[in-house]
Each structure stands twice: as C-alpha cells, then as structure tokens.
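Numbering (my numbering) for the sequence shown: 34 to 388. Here the structure comes first, spelled out in structure tokens, and everything after it is commentary.
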Amino acid sequence: MSKETSPLMAPQPEPYVPTTMVVDAFPVDDAPGPSQHNNSANEESIAGVLIGGIALALARPRILIALISLSLLMPLVVALPAFQSADAHIAEVQPVPGGSDIQLPQVAPSWVFSEWQRNAPGELELAVQALPALLLLASLLNLLISAGWMKVAVRDQRDHSLRLFLQGGGRYFFPFFRTWLIGLPFFALITWIYWGAPAEWVFEKLLPEGDPGLAASERTGRWLETIRSVLYLISLWKMEIILDLARASLVVGQRSSAFLALFRGIGFFLRTPFPVFGMLLLAFALELLWVGGVEALRRGLDWPLWVLLLLLPLGRHVMRGARYIAMARYYAMRTNDGVGATEEDSPPEIPEMAF
Numbered sequence: 034m035s036k037e038t039s040p041l042m043a044p045q046p047e048p049y050v051p052t053t054m055v056v057d058a059f060p061v062d063d064a065p066g067p068s069q070h071n072n073s074a075n076e077e078s079i080a081g082v083l084i085g086g087i088a089l090a091l092a093r094p095r096i097l098i099a100l101i102s103l104s105l106l107m108p109l110v111v112a113l114p115a116f117q118s119a120d121a122h123i124a125e126v127q128p129v130p131g132g133s134d135i136q137l138p139q140v141a142p143s144w145v146f147s148e149w150q151r152n153a154p155g156e157l158e159l160a161v162q163a164l165p166a167l168l169l170l171a172s173l174l175n176l177l178i179s180a181g182w183m184k185v186a187v188r189d190q191r192d193h194s195l196r197l198f199l200q201g202g203g204r205y206f207f208p209f210f211r212t213w214l215i216g217l218p219f220f221a222l223i224t225w226i227y228w229g230a231p232a233e234w235v236f237e238k239l240l241p242e243g244d245p246g247l248a249a250s251e252r253t254g255r256w257l258e259t260i261r262s263v264l265y266l267i268s269l270w271k272m273e274i275i276l277d278l279a280r281a282s283l284v285v286g287q288r289s290s291a292f293l294a295l296f297r298g299i300g301f302f303l304r305t306p307f308p309v310f311g312m313l314l315l316a317f318a319l320e321l322l323w324v325g326g327v328e329a330l331r332r333g334l335d336w337p338l339w340v341l342l343l344l345l346p347l348g349r350h351v352m353r354g355a356r357y358i359a360m361a362r363y364y365a366m367r368t369n370d371g372v373g374a375t376e377e378d379s380p381p382e383i384p385e386m387a388f
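Next up, the structure:
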C-alpha cells in the first residue's frame, strides 16, 4: 500500500544555488565633501588658525634647527670682518680724561667710531657695500622659506621631514620670485605717493611752503610727519600681505601664474581685510611678547648672551612659520582651492577588487 503525501506537509525548499556577488569593489570615502570641509573650517577662528600654525611649526624641529643655523651664519659675512677690524683698531683705545667710559661693545662715545673710520676706511667700506647684497640674499631666501612653510601647511601633518620643506621651497621658488618682481613697482609707487609729488602737494595745502619746520606749531609738523610715516608703513605692509596671499593661492591651488595670483590675492584681501589684519597683528603681538619675555628672563636669571642669541631666532622663525602656515590654511578654508592638494606627490592607489 503506497503512502500518500499529506496535504499539510510543507513544500520542499528549492535547492540553493550560490551566486557571485561584488561587494565594495572600489574604496568608499565616508568623509564629508570639500564643501562640507570648507563649511566646518570656516567656523574656526583666526586665533585658532594661528595657534594651529604655531603648533605645526614647533612640531618641525629639524626645519627650525636648519633655519636658526642659517640665520646665525649669514650675518657672520659682515660681522666677522667688522669684528676683526674693530679688534685691530679700537680695542686698545683709552677713554679721554673726563669723558665717557668705553665699555665695548655696549657703550662707546661717538669719537671712537670716527677714529675707527679714519684708521680703517677701506675695511668699513667693504662691510657697508656687503650689506645690500646680504639683504637681497635674505629677501630671496625668505621666498624659499615662505614656500616651504606653505607647502608644509597643505601637506600631510605627519610628514615632519626637512626634505618636504625644501621640496616646497624649490617647487614654488620661481613663481614666488615672479610675485616678488611684480611687487617691486607697487612698492616704488607707494614710496612715490608718500614721499614724492602727491605728498608734497598735500603738505603744501596744510603747511606754509609745505615745510613742517614752518608750521604754526612744532607739534603740528611733528604729527603730520608721524601720520605720513605710519600710513606709509601700513601701505607697505598691506602690499606685502597681498603678495603673501597671492603666494598662498599658488601653493594651495598648485598653480604657477604669478600675474593671476596677484589678482586672487587682491580679491581675497578685499573680501576679508579685517580677519587677515587681525590674524597678523596677533602674530606680531605674540612675537613681541616672546622677545620681551626672553629679555626679562635673561636679566632676571642672569643668562649668558648666547642663550639670547638662540632663543630670539627660535621665536622669530616659529612665528614666521606660523604666519605663513596660517595664511595658507586660512586662504584654503575660505576658498574652494586646495581640493586634492595634499595628494600632490602621492603615488596613485589601485583599488582592490573584493569578490
């Protein structure tokens, strides 16, 4: 007798056939997009950007040691010949009876330097002639230094090498040099405005014959001269800020056109003049605080002079690096530039296929 299948019996399940499924074939980046990064970065204050720049500069001891060594060695080009000349001609000079004491190099009456110039006119002339060349070299080296710090600002923070700093300086030195050349006529124009015909015309309207010495009161003439000098320095500083912003746009956006970068720098400065001025004023205030604090500690603790010669350049280079880093980061977070800039020198990654 054959068995019949009960109608209540569950149906047999279909046989399972495995299928090939592609999962996560390409790497997925869950990080927010560039616009979201910019929106979150815009909330960071200028003080936070500057403090972050200071921390980043302090975290690069190899770069700081190289820069401090360079700043200590460069002045020796002029200082050593001048010291040797002074040691040969005025070291044995005795004070005049009843005159001022001679405590070289801190205190010396003016006749000592006149005597030095008479005894060694050629040596002092060579030192004076070397100063402009040394200042020009320092100005050009500052372009390399600023490019290096801005490169550090936009790259991976885990890279602490001096090699990256020098790579950035070499990569952007000539674009920065072109901005330097473009800025020279503007500096000349600013100088002409404040010390040439336009300033003379204004002084002629405000003073008799345009001479501060002929003003109705000595205070009026002195105040006008002071105001002109202050406005002149502010104008020069503003032009230097615009050039630094132009250089930041070159590094952040990985560009090379200095002419277009100048217009980007002008536009960015016109959009955000007060935050930029505030950030740089805060940087200068911190640097002055460092200088005053180091000098006070040296006097209070009776430190030797060589400690001061090391600490002052340290603060100078840290704050200079912080300014350049903050400038580049602030420009990057307020614009859409710099997307992918941190991967500039990274090799392309091949996605792993997971089957």
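Beta carbons are placed, not taken as given, at the ideal position from N, Cα and C, and that holds for glycine.
In the assembly as shown, Phe198 is a buried residue. Its beta-carbon has 16 or more other beta-carbons within 10 Å. DSSP places Glu77 outside any alpha helix (DSSP H), giving it a letter other than H or E. Assignment of Arg188 by DSSP, reduced to helix, strand and coil, places it in the coil class. Three or more Cβ pairs closer than 8 Å define a contact, and the region 322-330 falls short of that threshold against the region 280-297. DSSP places Asn369 in the coil class of the three-state scheme, outside both helix and strand. Judged by DSSP secondary structure, Pro231 falls within the alpha helix (DSSP H) whose first and last residues are Ala230 to Leu239. DSSP, read as helix, strand or coil, puts Arg211 in helix. In terms of Cα proximity to Ile87, the closest of Leu342, Leu338, Leu341 and Leu315 is Leu315. For Pro108, no alpha helix (DSSP H) run applies, since DSSP gives it neither H nor E. Across the set Ile178, Thr259, Gly85 and Leu159, the C-alpha of Ile178 shows the shortest separation from the C-alpha of Arg280.
Counting the other Cβ atoms within 10 Å of the Cβ of Gly202 gives 16 or more, which makes it buried.
Separation of Trp225 and Pro337 (C-alpha to C-alpha, rounded to the nearest whole angstrom) is 45 Å.
Taking Val235 as reference, the option from Gly254, Phe220 and Met183 with the minimal CA-CA separation is Gly254.
Its chain contains Gly85, Gly86, Leu89, Ala90, Trp182, Met183, Val185 and Ala186 as the residues whose beta carbon lies nearer than 8 Å to that of Ile358, once the 5 sequence neighbours on both sides are disregarded; these appear in chain order. Just measuring C-alpha positions, the residue of Gln162, Val324 and Val309 sitting nearest Met366 is Val309.
For the pair Ile275 and Ile260, the CB atoms are not nearer than the 7 Å cut-off. Proximity to Phe292 across Arg211, Ala318, Leu313 and Thr368 peaks at Arg211, based on C-alpha coordinates. The way I'd put it, the region 337-350 doesn't touch the region 159-176; fewer than three beta-carbon pairs between them come closer than 8 Å. Look at Ser268 here: in three-state DSSP terms it is helix.
By the beta-carbon neighbour count (other beta carbons within 10 angstroms, threshold 16), Gly354 is buried. In terms of Cα proximity to Ala112, the closest of Leu157, Leu97 and Glu77 is Leu157. Asp277 is positioned such that its CB atom lies no closer than 7 Å to that of Met352. The alpha carbon of Trp270 has as its nearest neighbour, out of Leu313, Leu319 and Leu257, the alpha carbon of Leu313. The Cβ-Cβ distance between Leu100 and His350 falls below 7 Å. Leaving aside the five residues that flank Ser104 on each side, the residues in its chain whose CB is nearer than 6 Å to its CB run, in chain order, Pro346.
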